[in-house]
Amino acid sequence: MIEIDPQDHKAIWQIGEMYLITGDFETAELLIDKAISINQSNPKYYVSMVEVLYNTDRKKEAVEMMEKIVKLRPTTPSYLLTLADLYLELQDY
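Using the working numbering, you'd call the opening residue of the sequence shown number 300 and step up by one each time.
The structure is reproduced here in structure tokens:
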């Protein structure tokens, strides 16, 4: 077994991403949430959490998370488009 530094948010997030890709959303959520709790300023971690929330039918929570991302990076077009897509899907405009 490989051990990682429990404060290595990047490694924790990357492992969470692997679980996300394989469809183990529960484990992915735990790891991504841990990465966010260690480093709250990396929008990539929040984007991963949006994917978890979206894929587990928690779309309103996904919108809330995406709004946080847009606050972190208000000039990133892809984040704005993703938020708009979520609003459209929920018919919240």
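From the three backbone atoms N, C-alpha and C, an ideal C-beta is built for every residue, glycine too. Since this is a predicted model, take the numbers as computed values, not measurements.
Check	Outcome
For threonine 326, three-class secondary structure by DSSP	helix
Member of Asp323, Asp304, Gln339, Lys370 whose CA lies at the smallest distance from the CA of leucine 352	Asp323
Integer-rounded CB distance, given that isoleucine 331 should sit under 8 Å from methionine 348	5 Å
Per-residue DSSP class, three states only, for glutamate 302	coil
Distance between leucine 371 and glutamate 325 (C-alpha atoms, nearest Å)	25 Å
Span of the alpha helix (DSSP H) around threonine 321	308-321
For asparagine 354, three-class secondary structure by DSSP	helix
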